[in-house]
Amino acid sequence: MKKIYLSTGNKGKVSEIKEILSDLNYDVYSKSELGINEDAVEDAETLEGNSLIKAKFLKKYTDDIVMSDDTGLFVNSLGGRPGVYSARFAGDECDDTKNRQKLLSELKDKEDRSAYFETVITIIDSNNEIHQAKGRVDGKILLEECGEHGFGYDSIFMPDGYDKSFSQMEDCEKNKISHRKRALENAKIILKGLNESSNN
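Mapped onto numbering that gives the first Met the number 0, the consecutive letters of the sequence shown carry residue numbers 0 to 199.
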């Protein structure tokens, strides 16, 4: 079975990605299972750029397929912030809680709470060819945190067409509609193509 190494060490992301890719003929591993504990320096100004940086960093350590993603939460009334800086919105040493608190604080007097999550996935195959896939989900930022599940901004984001936050959803429900799911569905098309071409 072919291997895919993920550039993330985030356990929440790893389990989400493994679940979504479970019907493909690949074994999925995190970068820590490759013995890598350091992170790439994400200094690009776009999700595409940061996703590519992470994939190239991981590819130095393996000839197998690597896959990285970068996700941003884009809030319209904040000019698209936090965007590419979503993971460190409240500062370099911050955590998810501080990021959420900062966002809720900045939106305190805003009427427009519309926002969207976007994920960009980069795959570098065994021939060192680069592929990218995207996924997006629109919604709004809630007035306060709701729910116990999830990670990141899940507890304050409610997707359009639903009356609960990502955190209030079971994993299987969130995984049907999330930005990462949509990006991964597009990435699966790429991975299926790679699988078929290597079998010919």
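All residues carry an ideal CB built from backbone N, CA and C; glycine is no exception.
Exercise. Of the choices S21, R99, K53, whose alpha-carbon is the least far from that of N36?
Worked result: K53
For this session: Please determine, among K109, V74, G134, S67, the residue with the shortest C-alpha to C-alpha distance to I123.
Result: S67
For this session: Report the partner residues of R135 according to the DSSP bridge assignment.
Result: E117
For this session: Starting from the Cα of L183, find the closest Cα among V136, E105, G8 and give me that residue.
Result: V136
Exercise. When burial is assigned at 16 or more other CB atoms within 10 Å of the CB, is M0 buried or exposed?
Worked result: exposed
Problem set entry | L57, enclosing alpha helix (DSSP H) - first and last residue | 46-58
For this session: Please name the residue, chosen from T70, G8, S196, F156, that lies closest to R87 on a Cα-to-Cα basis.
Result: T70
Problem set entry | Local conformation of V40 per DSSP, three classes | coil
Problem set entry | Own chain partners of I176 with C-beta closer than 7 Å, once the 5 adjacent residues on each side are dropped | V136, P158
Problem set entry | Nearest-angstrom Cα separation, counted from E147 out to S166 | 6 Å
Exercise. Exposed or buried, N98, counting other C-beta atoms within 10 Å across all chains shown (16 or more means buried)?
Worked result: buried
Exercise. Tell me which same chain residues have a C-beta within less than 6 Å of the C-beta of T121, skipping the five on either side of it?
Worked result: S50, L51, A54, S67, Q131
Exercise. Between which two residues does the beta strand (DSSP E) containing L72 stretch?
Worked result: 64-74
For this session: Return the chain-ordered list of same chain residues with a C-beta closer than 6 Å to the C-beta of I129, the five sequence neighbours on each side being excluded.
Result: I123
Exercise. Helix, strand or coil for G11 per DSSP?
Worked result: helix
For this session: Out of A89, G151, K133, point me to the one whose CA is closest to E105's CA.
Result: A89
Exercise. Apart from the five residues just before and just after R80, which ones in its own chain have a Cβ nearer than 7 Å to its Cβ?
Worked result: V74
Problem set entry | Span separating the alpha-carbon of M168 from that of S6 | 26 Å
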